[in-house]
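Engineer:
Number of protein chains: 2
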Amino acid sequence: MKILLIINLFKKYNLFINKKIYIFGWIKNIRYSKNYIFIEINDGSCIKNIQILYLKNKNINYIKNINIGYSIFIFGKVIISKNINKQKIEILLINFKIIGNIENQKKYPISSSKYNKIEFIRKFFHLRPRSKFFGVISRIRNFIYIEINNFLNKNNFIWVQTPIITSVDTENSGNSFKVSSLDIYNNNNKKELDFFKKESFLTVSGQLNLESYALSMSKVYSFGPVFRADNSNTKKHLSEFWMLELEVAFRNIKYIIKFTIYLIKKIFHKLLNKLYDDVYYISKYNNYDINKVYNDLNKEFITLEYYEVVNILKKKFNIKCENDITTKYENILLKYFNCPIIIKNFPKSIKPFYMKLNKNNLTVSSFDIIFPNVGEIVGGSEREYRKNLIIDSIKNNNMNINLYKWYIDLRKYGTVAHSGMGIGFERLLMYFTGIKNIKDIIPFPRYPNNLHM
Amino acid sequence: MKILLIINLFKKYNLFINKKIYIFGWIKNIRYSKNYIFIEINDGSCIKNIQILYLKNKNINYIKNINIGYSIFIFGKVIISKNINKQKIEILLINFKIIGNIENQKKYPISSSKYNKIEFIRKFFHLRPRSKFFGVISRIRNFIYIEINNFLNKNNFIWVQTPIITSVDTENSGNSFKVSSLDIYNNNNKKELDFFKKESFLTVSGQLNLESYALSMSKVYSFGPVFRADNSNTKKHLSEFWMLELEVAFRNIKYIIKFTIYLIKKIFHKLLNKLYDDVYYISKYNNYDINKVYNDLNKEFITLEYYEVVNILKKKFNIKCENDITTKYENILLKYFNCPIIIKNFPKSIKPFYMKLNKNNLTVSSFDIIFPNVGEIVGGSEREYRKNLIIDSIKNNNMNINLYKWYIDLRKYGTVAHSGMGIGFERLLMYFTGIKNIKDIIPFPRYPNNLHM
Chain A
1 MKILLIINLF
11 KKYNLFINKK
21 IYIFGWIKNI
31 RYSKNYIFIE
41 INDGSCIKNI
51 QILYLKNKNI
61 NYIKNINIGY
71 SIFIFGKVII
81 SKNINKQKIE
91 ILLINFKIIG
101 NIENQKKYPI
111 SSSKYNKIEF
121 IRKFFHLRPR
131 SKFFGVISRI
141 RNFIYIEINN
151 FLNKNNFIWV
161 QTPIITSVDT
171 ENSGNSFKVS
181 SLDIYNNNNK
191 KELDFFKKES
201 FLTVSGQLNL
211 ESYALSMSKV
221 YSFGPVFRAD
231 NSNTKKHLSE
241 FWMLELEVAF
251 RNIKYIIKFT
261 IYLIKKIFHK
271 LLNKLYDDVY
281 YISKYNNYDI
291 NKVYNDLNKE
301 FITLEYYEVV
311 NILKKKFNIK
321 CENDITTKYE
331 NILLKYFNCP
341 IIIKNFPKSI
351 KPFYMKLNKN
361 NLTVSSFDII
371 FPNVGEIVGG
381 SEREYRKNLI
391 IDSIKNNNMN
401 INLYKWYIDL
411 RKYGTVAHSG
421 MGIGFERLLM
431 YFTGIKNIKD
441 IIPFPRYPNN
451 LHM
Chain B
1 MKILLIINLF
11 KKYNLFINKK
21 IYIFGWIKNI
31 RYSKNYIFIE
41 INDGSCIKNI
51 QILYLKNKNI
61 NYIKNINIGY
71 SIFIFGKVII
81 SKNINKQKIE
91 ILLINFKIIG
101 NIENQKKYPI
111 SSSKYNKIEF
121 IRKFFHLRPR
131 SKFFGVISRI
141 RNFIYIEINN
151 FLNKNNFIWV
161 QTPIITSVDT
171 ENSGNSFKVS
181 SLDIYNNNNK
191 KELDFFKKES
201 FLTVSGQLNL
211 ESYALSMSKV
221 YSFGPVFRAD
231 NSNTKKHLSE
241 FWMLELEVAF
251 RNIKYIIKFT
261 IYLIKKIFHK
271 LLNKLYDDVY
281 YISKYNNYDI
291 NKVYNDLNKE
301 FITLEYYEVV
311 NILKKKFNIK
321 CENDITTKYE
331 NILLKYFNCP
341 IIIKNFPKSI
351 KPFYMKLNKN
361 NLTVSSFDII
371 FPNVGEIVGG
381 SEREYRKNLI
391 IDSIKNNNMN
401 INLYKWYIDL
411 RKYGTVAHSG
421 MGIGFERLLM
431 YFTGIKNIKD
441 IIPFPRYPNN
451 LHM
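Taken in sequence, the protein lines are chains A and B.
Anchor point for the first sequence: position 360 equals 360 in UniProt numbering, and the numbering is continuous, going up by one each time.
Anchor point for the second sequence: position 366 equals 366 in UniProt numbering, and the numbering is continuous, going up by one each time.
1. Would you call the segment 416 to 434 of chain A and the segment 253 to 262 of chain A touching, i.e. three or more CB-CB distances under 8 Å?
2. Could you check the C-alpha separation between Ser232 (chain A) and Pro225 (chain A) for me, to the nearest Å?
3. Can you tell me where the beta strand (DSSP E) holding Arg386 (chain B) begins and where it ends?
4. Measuring only the C-alpha atoms, how far is Ser365 (chain A) from Phe250 (chain B)?
5. Could you confirm whether any beta carbon from chain B is found closer than 8 Å to the beta carbon of Val179 (chain A)?
6. Applying the 10 Å Cβ sphere with the 16-neighbour rule, what's the burial state of Leu238 (chain A)?
7. Rounded to the nearest angstrom, how far is the Cβ of Glu247 (chain A) from that of Val204 (chain A), given a contact under 8 Å?
8. Per the DSSP calculation, Asp368 (chain A) is bridged to which residue(s)?
9. For a contact defined as C-beta to C-beta under 9 Å, what are the partners of Ser419 (chain B) on chain A?
10. What's the gap between the Cα of Lys274 (chain A) and the Cα of Leu152 (chain A)?
11. Quick one: Cα of Leu403 (chain A) to Cα of Met453 (chain B), how far?
12. Who are the Cβ neighbours of Phe346 (chain A) in its own chain at under 7 Å, not counting the five residues just before and after it?
13. Just the chain B side, please: which residues come within less than 9 Å of Pro352 (chain A) by C-beta, in chain order?
14. Do the segment 145 to 161 of chain B and the segment 435 to 451 of chain B touch if we need at least three Cβ pairs shorter than 8 Å?
15. I'd like to know if Asp43 (chain B) contacts chain A, where contact means its C-beta is closer than 8 Å to some C-beta of that chain.
16. Is there a Cβ of chain A sitting closer than 8 Å to that of Glu103 (chain B), yes or no?
17. Quick one, which of A:Asn209, A:Ile158, A:Phe10 has its alpha-carbon nearest Leu451 (chain B)'s?
18. Could you tell me which residues DSSP puts in a beta bridge with Lys77 (chain B)?
19. With distances taken Cα to Cα, identify the nearest neighbour of Asn331 (chain A) among A:Leu92, A:Lys315, A:Asn373, A:Val293.
20. Take the Cβ of Asp194 (chain A) as the centre, count every other Cβ of all protein chains shown within 10 Å, and call the residue buried at 16 or more, exposed below.
21. Per DSSP, what are the beta-bridge partners of Asn67 (chain A) in this structure?
22. Counting contacts by CB-CB distance shorter than 8 Å, is Gly422 (chain B) in contact with chain A?
23. Identify, in the order they occur along the chain, each residue of the same chain with its Cβ nearer than 7 Å to the Cβ of Tyr108 (chain B), setting aside the five sequence neighbours on each side.
24. Kindly say whether Tyr36 (chain B), judged by its beta-carbon, lies nearer than 8 Å to any beta-carbon of chain A.
25. Can you tell me whether DSSP reads Asn286 (chain A) as helix, strand or coil?
26. Quick one: does His269 (chain A) have its CB under 8 Å from some CB of chain B?
27. Which residues in chain C sit within 7 Å of Asn187 (chain A), going by Cβ to Cβ distance?
28. Say whether the segment 295 to 306 of chain A touches the segment 275 to 287 of chain A, bearing in mind that this needs 3 or more beta-carbon pairs closer than 8 Å, one atom from each stretch.
29. In the DSSP output, which residue or residues are listed as bridge partners for Leu127 (chain B)?
30. Ile7 (chain A) and Ile23 (chain A) look like a contact to me (Cβ under 8 Å); what is the Cβ gap, rounded to whole Å?
31. I want to see whether chain B comes within less than 8 Å of Tyr145 (chain A), judged by CB atoms only; does it?
32. Got a sec: is the Cβ-Cβ distance from His237 (chain B) to anything in chain A below 8 Å?
33. Assess contact between the segment 129 to 144 of chain B and the segment 424 to 433 of chain B, defined as three or more Cβ pairs (one per stretch) separated by less than 8 Å. Is contact present?
34. Exposed or buried, Thr162 (chain B), counting other C-beta atoms within 10 Å across all chains shown (16 or more means buried)?
35. Cα separation between Tyr62 (chain A) and Phe96 (chain A)?
36. If I measure Cβ to Cβ from Glu199 (chain A) and keep anything under 8 Å in the same chain, skipping five residues before and after, which residues do I get?
Right under this line is the structure:
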């Protein structure tokens, strides 16, 4: 018995007309007319449900036992739909079998009455992909993941799997999770007894490891989860989120910025081409203007030097910004310009140790890109590839130089200028879809005090 | 200035003949003849070096300053090689610039004399990708990663990002790493003060989470790191390794086994087609017969019931195997049959709680596939989808049922039969390449007492 996925039925529907097929899925809707019962089935393979037609003169009692959420097995004949504007084909039921029912319809969070209430179903992480909203997100997330990998592969990037458990604190930020094989609450723990016999963290970035591969493979990337033990429960932060990070040998910041924008634009175009129905649904749900995203990505981005941003904030908004451009300031700038903004050359004092010092000795060759509705999605820089300067920087940042011996080695042996950047995957998806809460865009969000499943 | 990658130069070499080009890379070899100096350059994009020809009548003193490992920038003219059997093209040097030298050639682990000594350079994790051996591994690893994602995508699987930090102990094995935001060695730790206010682990498998998506998206997979805090330092174990896991709704074990073999075979064929030079080099290095791998994958695998394996071990080898088929027994079977072996229907007592109970009430609908030279690479099963039986199983395994309420929910609401499997990514790569030590096949291996970078 060959089971057909609904996406394949729709894609090649003309091959199946008047043919008998097997499908299975979950009941999404049931409607009753005078002569027919209409059952809508979805198997997750695409946004569209397939409509099953059931002639009422059959055993009506039996079919009355079905309900939304049931898993069902369908044997039927594909016919051209009478309501051709709504769907091209439907299935005339020959036989069916209920596989799994809903034990208690009242307790089922994805029941018909609650079906579209995202606020309610959001926290049922094990059931929420059954809703149209989270089904759409799953397909979009999968699509972008595949496309990013393929785009980079076509551009000769080599994927390098940077480790999750690490002894390196890349950002030197002190907000890393610790990893241990000991019983944490046992209160008798000694480092010497721990698994790695040293302090072990969950990675905050794979960049430094990635650099070691860039200096032999030229173009490399990593794409995976990174972690922050920040106690901040906002709509834009997760404790475990995904980052695309890439490093390119012998390239400067100009190349990286250009390539990053090209990547984001290409991926968005592909998304529109291939998953239009999903994107349309989600943007409409979020009351989000994807035409504007399209137009913004086709225009040249506004590029500002850090000091220009400081001047604008001062002159236009009477804001004295002396340090980092916080979310608050980002929002002001985004409201003012209403398009993506590249900010370049931050003061070295507010950026990590590995960024390349500019000739002025004050700023580093760095950039952030901030986007409407989301804020910062991209951050990157040229890396300091000169041995003496990287040693100075490690010392000036009060970091333990013994931990970075290998990193200095990279500057001792065949060093080259190189640059890289990181994209927050979930935030990129928020920009593409208009999703307002980052917890909705990842299957199993982790945030303070919350660890479901 | 357009820098050309060496892979693109070789791919489209006829476009570049007599053209002037820029390339950059690292010096892999230098040879001197009467009239010429031959410099071999590699940029990591492919296994082949490009040969640079330098006429000795030029400034010979300056070029004498170069050495293996230097990063170098080349401007030259592409010419047809005189030694066409060795390489089709080479580059006649016009100009060059040393970017980074080797500070102390004696201390550089990848110098020419040590170049091929894998045993020596293996532990220089930040420098080893510069060797041919680890460069090859990086490209093969990247290739298989991309191909697996694309293969599954074409087969309508949806990638689901299962979480790294989890509260679920899938295998109930008690060898999980713990995660905490507290200072582990501070010895004054309380659960209530920890980040998630509950015990948090590094995932050992994304399967249970994945099941929640299979029961709405039908075909799903995850592909990422999993963790074991086992204190075993063998050539086949890592503390952090990669797993491909997939779950398919409405499919039985027969389908999963067939699909798994199809996947492995397809990916291996693609690898041979696309990266033949790399595969040839690495298999030769490892004295490994990839023709045998090819033939084994083209034959039907031997399939044995668990009880048959027990009988064979008893009758042929006088071994009394009463529990799990250990590595030792695997090796005996593999030596005896000399091909991949599928072992089916293990006793329920030695398998995890989630596997579907067979009608005999003694075994579960499960399978392992063991492969020559590596041992177990694949494990899978039908999942117990009947609510009462999964509750029994959780209880019988002395697991905390409160942690699995959501898992039971999946069986309460629209449950369907479903099956899944996991492939150890590194072990699959070992099977494809003949690499004997799993620590060589992952960029940054983690194992007891060892956490570099």
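Just so you know, even glycine gets a beta-carbon here, dropped at the ideal spot from N, CA and C.
What you are looking at is a predicted structure, and each value in this text was computed from that prediction instead of being measured.
Structural biologist: Working from what's here:
1. A contact exists between the segment 416 to 434 of chain A and the segment 253 to 262 of chain A.
2. Taking the straight line from one Cα to the other gives about 18 Å.
3. Premise fails: Arg386 (chain B) is in no beta strand (DSSP E) and is neither H nor E.
4. The alpha-carbon atoms of Ser365 (chain A) and Phe250 (chain B) are separated by roughly 54 Å.
5. By this cut-off, Val179 (chain A) is an interface position.
6. The residue in question, Leu238 (chain A), is buried, as its Cβ has 16 or more Cβ neighbours within 10 Å.
7. Contact flag wrong, Cβ pair sits at about 16 Å.
8. Bridge partners of Asp368 (chain A): A:Ile343, A:Gly379.
9. Neighbours of Ser419 (chain B) in chain A, taken as residues at a C-beta separation under 9 Å, are lacking, since the least C-beta distance is about 13 Å.
10. Between the C-alpha atoms of Lys274 (chain A) and Leu152 (chain A) there is a straight-line separation of about 19 Å.
11. CA-to-CA, the gap between Leu403 (chain A) and Met453 (chain B) works out to about 8 Å.
12. Apart from the 5 residues on each side of it in sequence, Phe346 (chain A) sits with its Cβ closer than 7 Å to the Cβ of Tyr306, Thr363, Val364, Ser366 in its chain, given in chain order.
13. For Pro352 (chain A), there are no C-beta contacts with chain B under 9 Å, since the nearest C-beta of that chain is about 17 Å from it.
14. Touching, no.
15. Chain A places a beta carbon closer than 8 Å to that of Asp43 (chain B), counting this residue as a contact.
16. Chain A contact via Cβ: present.
17. Nearest C-alpha to Leu451 (chain B): A:Asn209.
18. According to DSSP, which records beta bridges pairwise, Lys77 (chain B) is partnered with B:Lys20, B:Leu92.
19. Nearest C-alpha to Asn331 (chain A): A:Asn373.
20. Under a 10 Å Cβ-count criterion, Asp194 (chain A) is classified as buried, with 16 or more other Cβ atoms of the shown protein chains found around its own Cβ.
21. Beta-bridge analysis with DSSP links Asn67 (chain A) to no other residue.
22. Contact of Gly422 (chain B) with chain A is not assigned, every C-beta pair being separated by 8 Å or more.
23. Only Gly69, Ile102 meet the Cβ criterion.
24. Tyr36 (chain B) does not count as touching chain A.
25. Three-state DSSP puts Asn286 (chain A) in coil, outside helix and strand.
26. Put simply, the CB of His269 (chain A) is far from chain B, with every gap to its CB atoms at 8 Å or more.
27. The structure shown contains no chain C; its protein chains are A and B.
28. Flag = no, the segment 295 to 306 of chain A and the segment 275 to 287 of chain A do not touch.
29. Leu127 (chain B) pairs with nothing; no bridge assigned.
30. By a beta-carbon distance limit of 8 Å, Ile7 (chain A) does not contact Ile23 (chain A). Their separation comes to about 11 Å.
31. It does; some Cβ of chain B falls within 8 Å.
32. Not one chain A Cβ lies under 8 Å of His237 (chain B).
33. Three or more beta-carbon pairs drawn from the segment 129 to 144 of chain B and the segment 424 to 433 of chain B are found closer than 8 Å, and the two stretches are therefore classed as touching.
34. Note on Thr162 (chain B): 16 or more other CB atoms within 10 angstroms of its CB, so buried under the neighbour-count rule.
35. About 10 Å.
36. Close CB contacts of Glu199 (chain A) within its chain, under the 8 Å cut and outside five residues either way in sequence, are with Ser167, Lys178, Lys191 (chain order).
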